[in-house]
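Chemist:
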């Protein structure tokens with residue numbers, strides 16, 4: 019009734035339509051705990067990847083990137099920098115507030131969407147592009163702007179501490195913003211400053227803020243990056259469990275692959291990103307600046323996760339380019355450096371300049387044992403971390419949920435109901451999505467009905483845009499968006515608000 023489950027029972031209950039689910043698994047609609055679909059959520063073809071996996075709700079606005087609040091000259095700078103994550107943008111994208119964003123996409127979505135306000139968007143609106151440190155008045159302005167987004171229903175605040183401006187931001191700013199989030203009982207979702215050797219220190223940085231403010235914390239796409247750091251998940255999970263025993267409200271999300279993906283700009287030292295994308299392009303064309311980058315890549319910088327050192331240039335693969343240049347796609351940065359007779363940094367610089375920064379890189383530096391340990395932890399729920407750059411560069415966007423079910427339920431690593439719980443009810447509880455994630459009277463009728471034995475991903479790194487198979491029916495707020503395996507042209511999705 020009105021998009022809700024009115025009763026749970028047998029065939030004697032009255033119904034306008036009966037779906038014969040004999041031999042199928044009926045589950046709550048899956049909830050993607052971590053996506054970057056902010057600009058794509060209202061675009062039909064961009065959400066096929068979710069529908070065919072049974073995803074009915076997405077959490078957007080992650081890693082400091084969001085489509086709001088974007089005011090003044092900072093709007094363009096933020097959207098340009100975020101293009102490798104949120105995807106291409108146009109003149110209509112970028113909204114002044116969560117309410118404006120919600121109004122713009124309402125009635126256009128097949129799926130439900132809840133969203134964080136991104137720290138990068140707040141900074142861009144208050145200070146324009148770049149990494150200048152805010153003064154007290156500017157921090158106060160950020161806090162006031164965040165307060166308005168949370169009042170309008172945003173889930174909380176996301177930080178991207180490996181990206182500009184988060185990578186150079188300081189505790190005073192984060193502490194002030196966290197207090198605003200706590201006042202609304204929102205969530206602080208964090209892409210940690212270092213997911214490699216300094217992972218424990220990076221976790222403690224956030225836990226110390228949680229201790230002081232009482233804010234709820236979600237550690238985004240929790241992982242251990244870097245070959246030399248394999249096995250560190252034992253320590254990171256123990257730290258998270260200890261934080262919970264202390265009384266801190268801590269959760270994790272993760273994706274089921276041993277490779278990450280991000281904008282190629284993240285491989286550069288933080289100072290090279292400090293004044294926006296245009297300035298970065300100038301630095302990449304300047305010999306003195308390149309020599310300084312080479313030095314920093316060789317020696318490292320305090321508080322910076324140097325992925326080229328922890329993963330090696332051979333494990334950093336060009337995954338997507340604005341131009342689609344086939345001579346570069348799929349090649350490692352080290353391989354292109356050897357081919358062109360230059361250092362790996364010079365090869366990266368050449369491609370970044372050619373593509374004006376619109377480059378995604380596959381980061382192959384994780385161990386499957388760490389991935390499995392994190393995913394099977396009681397603390398963890400599933401998020402795809404799907405990117406929406408011009409070219410889909412990683413199979414997680416099209417396959418994370420089907421892959422997780424295949425690898426963990428089919429293979430017997432976990433019971434099917436445990437796998438489903440990490441994609442439904444546990445996620446709804448972690449993010450405060452009331453009435454979602456369960457099949458109960460009064461809950462929203464978000465449902466995924468699939469063939470358990472054949473539900474699987476087809477996307478892989480060689481062909482990352484293949485749709486999952488085995489999903490038969492998907493209902494969003496009681497309305498079918500997939501019926502007998504066929505996509506339905508319907509827009510029943512809702513903007514989910516925290517209040």
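Numbering (the numbering used here), first residue to last: 19 to 517.
Heads up, the beta-carbon is just placed ideally off N, CA and C, and yes, glycines get one too.
1) Using DSSP bridges, identify the partner residues of residue 271.
2) Using the three-state DSSP reduction, which class does residue 440 fall into: helix, strand or coil?
3) How far does the beta strand (DSSP E) with residue 352 in it reach, from first residue to last?
4) To the nearest angstrom, how far is it from the Cα of residue 358 to the Cα of residue 315?
5) Round the Cβ separation of residue 209 and residue 142 to the nearest angstrom and send it over; I've been treating them as touching at under 8 Å.
6) Distance check for residue 175 and residue 212, CA to CA, integer angstroms please.
7) Pick out whichever of 140, 24, 106 and 65 has its Cα sitting closest to the Cα of residue 81.
8) Just the C-alpha distance for residue 36 and residue 511, rounded to the nearest angstrom, thanks.
9) On the CB-based measure, 16 or more other CB atoms within 10 Å of its CB, does residue 126 come out buried or exposed?
10) Taking the alpha-carbon of residue 391 as reference, which of 459, 83 and 271 has the nearest alpha-carbon?
11) Rounded to a whole number of angstroms, what is the C-alpha to C-alpha distance between residue 421 and residue 41?
12) Please report the residue range of the alpha helix (DSSP H) in which residue 428 lies.
13) Select from 245, 413 and 86 the residue whose C-alpha is nearest the C-alpha of residue 118.
14) With residue 54 as the anchor, note down where its alpha helix (DSSP H) starts and where it stops.
15) Report, in whole angstroms, the separation of the C-beta atoms of residue 366 and residue 285, which I expect to be a contact under 8 Å.
16) Are the stretch 180-192 and the stretch 278-292 touching, with three or more C-beta to C-beta distances below 8 Å?
17) What does the alpha-carbon distance come out to for the pair residue 91 and residue 146?
18) Along the beta strand (DSSP E) that carries residue 491, what are the first and last residues, could you check?
19) To the nearest whole angstrom, what separates the beta carbons of residue 55 and residue 123, a pair I think is in contact under 8 Å?
20) Should residue 241 be labelled buried (16 or more other beta-carbon atoms within 10 Å of its own) or exposed?
21) Using the three-state DSSP reduction, which class does residue 43 fall into: helix, strand or coil?
22) Which residues mark the beginning and the end of the alpha helix (DSSP H) in which residue 328 is found?
23) Do the CB positions of residue 449 and residue 51 come within less than 8 Å of each other?
24) By alpha-carbon positions, which one of 296, 269, 203 and 330 ends up nearest to residue 373?
25) Do you know offhand how far residue 335's Cα is from residue 323's?
26) State the Cα-Cα distance for the pair residue 459 and residue 30, rounded to the nearest angstrom.
27) Just grab the DSSP bridge partners of residue 474 for me.
28) Let me check understanding here. Comparing Cα to Cα, which of 144, 170, 405 and 251 lies closest to residue 57?
29) Tell me whether residue 341 sits in a helix, a strand or coil according to DSSP, three-state version.
30) Quick one: Cα of residue 105 to Cα of residue 48, how far?
31) Going along the chain, which residues of its own chain have a beta-carbon closer than 7 Å to the beta-carbon of residue 194, five neighbours each way excluded?
Modeler: Judging by the given coordinates:
1) Residue 271 is bridged to 399.
2) When secondary structure is reduced to three states using DSSP, residue 440 falls in the helix class.
3) Segment 351-358 is the alpha helix (DSSP H) holding residue 352; no beta strand (DSSP E) there.
4) The C-alpha of residue 315 is placed about 20 Å away from the C-alpha of residue 358.
5) Distance from residue 209 to residue 142 at the Cβ level is roughly 17 Å; contact not present, criterion being Cβ atoms closer than 8 Å.
6) Spanning the alpha carbons of residue 212 and residue 175 requires a straight line of approximately 19 Å.
7) Cα-wise, what sits closest to residue 81 is 140.
8) Rounded to whole angstroms, residue 36 to residue 511 spans 22 Å at the Cα level.
9) Around the beta carbon of residue 126, a 10 Å sphere encloses fewer than 16 other beta carbons of the protein chains shown; the residue is thus reported as exposed.
10) Closest by alpha carbon: 271.
11) So the two alpha carbons sit approximately 21 Å from each other.
12) Neither: residue 428 is in no alpha helix (DSSP H) and is coded neither H nor E.
13) It is 86 whose Cα lies nearest to the Cα of residue 118.
14) Premise fails: residue 54 is in no alpha helix (DSSP H) and is neither H nor E.
15) With 8 Å as the limit, residue 366 and residue 285 qualify as a contact, their Cβ atoms being about 6 Å apart.
16) Taking 8 Å as the limit for Cβ pairs, the verdict is that the stretch 278-292 does touch the stretch 180-192.
17) Whole-angstrom Cα-Cα distance: 6 Å.
18) DSSP places residue 491 inside the beta strand (DSSP E), whose first and last residues are 489-494.
19) Not really, about 11 Å apart at Cβ, beyond 8 Å.
20) The residue is buried, with at least 16 neighbouring Cβ atoms inside 10 Å.
21) In the three-state reduction of the DSSP assignment, residue 43 falls in the strand class.
22) Per DSSP, residue 328 belongs to the alpha helix (DSSP H) from 325-329.
23) Taking 8 Å as the Cβ cut-off, residue 449 and residue 51 qualify as a contacting pair.
24) Taking only the C-alpha atoms, the option nearest residue 373 is 296.
25) Linking residue 335 to residue 323 through their CA atoms gives a straight-line distance of about 18 Å.
26) Taking the CA atoms as reference points, residue 459 sits about 16 Å from residue 30.
27) Paired residues: 487.
28) When each option's Cα is compared against that of residue 57, the closest is 405.
29) Here residue 341 sits in coil by DSSP.
30) When rounded, the separation of the alpha-carbon atoms in residue 105 and residue 48 is 23 Å.
31) 157 and 161.
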